[in-house]
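The listed protein sequences derive, respectively, from chains V, P, D and E.
Oh and the first sequence: position 257 is 257 in the working numbering, straight run, nothing missing.
Going from the second sequence to the working numbering is simple: count from 1 and add 1000.
Going from the third sequence to the working numbering is simple: count from 1 and add 2000.
Going from the fourth sequence to the working numbering is simple: count from 1 and add 3000.
Glycine residues also receive a C-beta, built at the ideal position from the N, C-alpha and C atoms.
Quick caveat: nothing in here was measured; it's all calculated off a predicted structure.
Number of protein chains: 4
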Amino acid sequence: MERARVAIVGASGYTGAELVRLLLSHPRADLTALVAKERVTPKASTVLPSLAGVLDLPIEAFDADKIAAKCDVAFCALPHGASIEAVRALHGRGVRVFDLSADFRLSDPATYAEWYGAEHAAKDLLPHAVYGLCEENREALRGATLVAVPGCYPTASALPLLPLVHEGLVKHDEPVVIHALSGVSGAGRTPTAGTHFTETSEGIRAYKIAGTHRHTPEIEQTLSRAAGRDLRVTFTPTLVPMSRGILATSYVTPTNEVTVDALIECARAFFAGSPSVVVLDKGQLPDTLWVRGSNRAHVAYALDARANKIVAMGTIDNLVKGASGQAIQCMNIALGWDEGLGLRAPAMWP
Amino acid sequence: MERARVAIVGASGYTGAELVRLLLSHPRADLTALVAKERVTPKASTVLPSLAGVLDLPIEAFDADKIAAKCDVAFCALPHGASIEAVRALHGRGVRVFDLSADFRLSDPATYAEWYGAEHAAKDLLPHAVYGLCEENREALRGATLVAVPGCYPTASALPLLPLVHEGLVKHDEPVVIHALSGVSGAGRTPTAGTHFTETSEGIRAYKIAGTHRHTPEIEQTLSRAAGRDLRVTFTPTLVPMSRGILATSYVTPTNEVTVDALIECARAFFAGSPSVVVLDKGQLPDTLWVRGSNRAHVAYALDARANKIVAMGTIDNLVKGASGQAIQCMNIALGWDEGLGLRAPAMWP
Amino acid sequence: MERARVAIVGASGYTGAELVRLLLSHPRADLTALVAKERVTPKASTVLPSLAGVLDLPIEAFDADKIAAKCDVAFCALPHGASIEAVRALHGRGVRVFDLSADFRLSDPATYAEWYGAEHAAKDLLPHAVYGLCEENREALRGATLVAVPGCYPTASALPLLPLVHEGLVKHDEPVVIHALSGVSGAGRTPTAGTHFTETSEGIRAYKIAGTHRHTPEIEQTLSRAAGRDLRVTFTPTLVPMSRGILATSYVTPTNEVTVDALIECARAFFAGSPSVVVLDKGQLPDTLWVRGSNRAHVAYALDARANKIVAMGTIDNLVKGASGQAIQCMNIALGWDEGLGLRAPAMWP
Amino acid sequence: MERARVAIVGASGYTGAELVRLLLSHPRADLTALVAKERVTPKASTVLPSLAGVLDLPIEAFDADKIAAKCDVAFCALPHGASIEAVRALHGRGVRVFDLSADFRLSDPATYAEWYGAEHAAKDLLPHAVYGLCEENREALRGATLVAVPGCYPTASALPLLPLVHEGLVKHDEPVVIHALSGVSGAGRTPTAGTHFTETSEGIRAYKIAGTHRHTPEIEQTLSRAAGRDLRVTFTPTLVPMSRGILATSYVTPTNEVTVDALIECARAFFAGSPSVVVLDKGQLPDTLWVRGSNRAHVAYALDARANKIVAMGTIDNLVKGASGQAIQCMNIALGWDEGLGLRAPAMWP
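So, in structure tokens, the structure goes:
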């Protein structure tokens, strides 16, 4: 495909708006339809004022036939559960679908049922869905017609661990401790007490800890596949007073004596050819500000010899490499395009 | 010129880094040299980590011959005073120079001496310098070889006022009250007590008020030229706890009875064909978040009939339309290119 | 009265919680009842976790007889409209009432009707209500049984202007331009799109400008009384990304030639004996951070000789001197106690 | 002692200013001297504007004789290294000293030398110094004349772990993983690149991780004493964009099957009679905003049955319970006063 006509379903939320921003700079994508459930409007800039003078499209209600007729590719940025129906309708009409919800991320419907409290409503589609962690699943993504774009926490958490797990550098018989910090945009555009400015500024708090956050099984699935055996994770998501960015820190025990240099070398080999991942130099520690607005992940390693622990860190912009940017990266791979197309912009700093 | 080779002098500060970010997306500009006084390094990403994996240039010390040989266009993002020498050296070697400092903004050297406390060190160059407020000076910018890129406050303040002043809609015999709020990045990359996180967060304070801030004569120069007579401004810059963005609010008295619709119509006529300015609809008020990271200015008008005052508002990202973006817009015009080239990206929201 | 038993009606919102915090340090006040409409609970710390281990009171539903039996003094921190009924019920049962709502601030019911869009429901009580701007109305407050605690913007705006207006130093025949910035806590505890963290951080926006904000007539009432003639105000409230603090800047024209020293001297004379107001030294400009959490107002003056404008600034913590702290100051005066009792703590800095 | 005359050495930094704020509300302490190295001034409010109209003391240069003559108690809030000399001079003159630096926290001078890169300059005084973690060392603090006030991170980290360690509920043969987040005020009042607003806002980054932060041996010392055997810690301090607050999360493995209820019960028994610690209810997770400005620690527990990990959390205001408040708590105990005297104020919320 030379160019792709693109629809965004769920265009008025944060990941939807971010898809618009990123796709406007994509040299081979043409935005042809914006779809939303609420906030339907003849002029997208009414609900997304940053688009005034930039993009002149309406936001329309979902109509599978109408949308399918206008696009080759659809990004679905709907809440989990709500996504399945739209995905099925578009995929069934021959549209390539990149789904940003959690609905197609867990390949085992039993695990889905356990964590989401409901039977999976599209078990027949699950085998067609490719998990879109690009650096891990690049080959499977080529030609894919249905892609489950990974969660933000799982992306930031898994990337630094994957090279070590593949290489057998870490013990698999003890749980991985993952402490992850996130900006508030991960919670979406709907105001709640927990995202009210006055209760977020100067406040940090963990939530859904100790095996209760739904990204836990997603991280475990990714690491377990790489390890070739079941791996357990204890995961602590924490909200911090900023808009964008995730910093995930993992604690694992080395199988054998190892050096930081060896960890970095292992990761650099793994991420060779990956335009979106930078392995920092020894001694450098990542900062969310260095990746904000970009599709880049910065990963770094340290070794605590006194405590015999590897500390592995990954940072991303949760709305870009953690959502909309990675979705576009998946599209690029699926369509056989250069993986970094339209995604090369550096972070907005400061 | 089909393409331009571009050097950035003063590349390691905030406006320099922002020039890098914006030029990397510019379809006809090739970054060929980064220059800095401090922070010289073989790998720019050492001091600008957001460039890791994105740009592989050194930051070199200033050497006029070497730099001039490598570029057609230079952006000078140096502090005022320090800029003059670099501008002269490059301009004298046939390089088109876009200067982001204050050194060439005031056309009258006496005014410069009065406000900057020193004789102007390049009076011979002053007549060649075009003031780069694109929407006002577009014609003068075509073919310009030396451009004084306007200050951030003057851009945000003058844009909403200019249509009204040109049209004679406001009284010129009383001072314009301008109250402007700015994010902290306007203060630059060097840490000071006033920009220390703990003393900036939860703190708002005005500074250099009541006719002491050096942007005052720059705003007066712009408005006076448009009015065809001397106009006075009282200007209150205020620091607010955020990184980017300026919101300037001006209070003027209408000459005759006027409506908000008429003000908006006047502004829309003035800015017709200006890709960087959006005149908001009646009732809409601008928000810095809607323009953050973009080269767009949002302007808006209200009328206080009880007090007989026009309230005119302008908002920009101080590092983009208030500095680096406008500098590129100037280059586009000077080189005869499309004015919005490389500057169409919408704001990063949220 | 040696000690006062105190009830807080509307205890679970921000001004209610702030009353609790401040009264816990008051040496002559005993908190006896917390009342709320929503968030009724046997243990206040359930909804105000900062009180865990500090205060062991329930939050109860409003019952006039029960509450009146338990208290000598009641603070009503309810939304306007909702307040009137509670005020009447308690005041009628002999309780001294300090009302933080807007309901009793405007002495002319016609003005109330014009700005609040409804007839005033307690016109009979209006003549009994004393406007609680302590530094202006101290004498009237002594012994008062019903006090209308001023709004946050009117307090910050009027304090620096009052000395000048009383002294006839400013022209009364042109509108006063007041540009005021506020932290987000002024918008209350209920989450909305406009106070959602991600749309507030890095965003500044004005709202209800040009004679549409309901604090406009309140400011005009205060200044007009002091001037002895009608004064007009154009008022621009602006939301900035911080939790607490107001900085109000006013622009007025001097009647005669005047100096900053004279302005400061005039203000110091006016505020002599006022423990809550500090007139800053010449050249100092106020910072919201210096008053955060305290009941202090910092006021400052500058003179723009070029534009012939006096710039008068006032800063307060909107929840303390702008609400709960001033309410307690009113109580102290009404009960004949030392005005600064329980209110001497300096700002929490940083 | 009925009342204490109190000097603050190092009064112009953040912990010094916080001591002033807290002591002004202390019913039995009289501030008699403020001392600083830089920022000596006849009027403290010149460098601490929050004190204008509140406190009328100079900030004087250090003179041991003069200071010792004016006070019974001195708080030393100086950087480590600089502290030792002042402590020796005052302690030798019969003043009770509460030292907020790290100089007297590690009882083994060899450990000090290893982590601070210098021989301890007052080994003779070390045996007299009591480690001031009040809830753990209350008995030793009674009558103490030299107290080492604990670090902020060690306080937040150790408090939730101590009950479990004392009770033998956690495995001691594997390292404790502690991930701690801190507001920026912990870095002090001197501006640096890392605390510049624009590089802190929207940025989170870990620093001195993997056994390199000097609070590591302090935490190990506290836990090892309680365990009766050597315990290892891997510690990850992380800077987040806010001014005050620490949230420390620890991961430990239970020795036997245990329930959250049992963990909470154990902690409530341990902290019975401790006015500064609140053990949250099951399911509640701490928020730094609930303790900001107060001397309270909130601790909470969760159990990840899938990963067999106890997650123990503690949150404090780093400048209060993590520094100045705990110092006053130490004084209260040392002087035989009520432990919570002057420290009962709840958090400033929001």
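Is the Cβ of residue i closer than 9 angstroms to any Cβ of chain P?
i, result
"P346/V", "yes"
"S3243/E", "yes"
"V2258/D", "no"
"A2206/D", "yes"
Locate the alpha helix (DSSP H) running through residue i, then write down its first and last residues.
i, result
"A267/V", "V260 to F270"
"D56/V", "That residue, D56/V, is in no alpha helix (DSSP H); it is neither H nor E in DSSP."
"V2087/D", "A2082 to G2092"
"T2046/D", "Taken as a continuous stretch (DSSP letters only), T2046/D belongs to no alpha helix (DSSP H), as it is neither H nor E."
"T2111/D", "P2109 to Y2116"
"T222/V", "H215 to A227"
"A1068/P", "A1064 to K1070"
Report the partner residues of residue i according to the DSSP bridge assignment.
i, result
"F1235/P", "I1178/P"
"Y3131/E", "A3148/E"
"D99/V", "C76/V and A148/V"
"S1012/P", "In DSSP, S1012/P forms no bridge with anything."
"P3004/E", "First, the residue type needs correcting, since residue 3004/E is Ala and not Pro in the sequence shown. Its beta-bridge partners are A3029/E."
"V2170/D", "P2254/D"
Tell me where the beta strand (DSSP E) around residue i begins and ends.
i, result
"T1032/P", "A1029 to V1035"
"A334/V", "Run containing A334/V: none in the beta strand (DSSP E); it sits in the alpha helix (DSSP H), G325 to A334."
"V252/V", "I246 to V252"
Would you say residue i faces chain E, with C-beta separation under 9 angstroms as the test?
i, result
"D2287/D", "yes"
"H1196/P", "yes"
"E1139/P", "no"
"P2275/D", "yes"
"S201/V", "yes"
"L1193/P", "In the sequence as presented, Leu is not what sits at residue 1193/P; that position holds Ala. Closer than 9 angstroms: yes."
"I316/V", "no"
"Q1964/D", "Any question about residue 1964/D goes unanswered here, given that chain D covers just 2001 to 2350."
Check the Cβ-Cβ distances between residue i and every residue of chain D, and say whether any is below 9 angstroms.
i, result
"W1115/P", "no"
"V1311/P", "yes"
"I1209/P", "yes"
"V1240/P", "yes"
Does the beta carbon of residue i come closer than 9 angstroms to any beta carbon on chain V?
i, result
"V3233/E", "yes"
"D3304/E", "yes"
"H1298/P", "yes"
"G1293/P", "yes"
"L1280/P", "yes"
key: Unbroken stretches of the beta strand (DSSP E), 3 residues or longer, contained in the segment 274-320 of chain V   = 277-279, 297-304 and 309-316
query = Quick one, which residues of the segment 3158-3191 of chain E are near chain P if we go by CB-CB under 7 angstroms, in chain order?
reply = V3184, S3185 and P3191
Any alpha helix (DSSP H) of 4 or more consecutive residues that is wholly inside the segment 3183-3213 of chain E = DSSP runs (the alpha helix (DSSP H)) wholly in the segment 3183-3213 of chain E: 3197-3200.
task = Select from the segment 2042-2058 of chain D all residues with a C-beta closer than 8 angstroms to any C-beta belonging to chain E, and list them in chain order.
result = L2048, P2049, S2050, L2051, A2052, G2053, V2054 and L2055
inquiry  = Closer than 9 angstroms between beta carbons: that is the criterion. Which residues of the segment 1071-1087 of chain P meet it against chain V?
reply    = none
request  = For the segment 2001-2029 of chain D, enumerate the residues whose C-beta is nearer than 7 angstroms to any C-beta of chain E, in chain order.
outcome  = Those would be Y2014, A2017, R2021, L2024 and S2025, in chain order.
Near-chain V residues of the segment 1330-1343 of chain P - C-beta to any C-beta below 9 angstroms = Listed by position along the chain: nothing, the set is empty.
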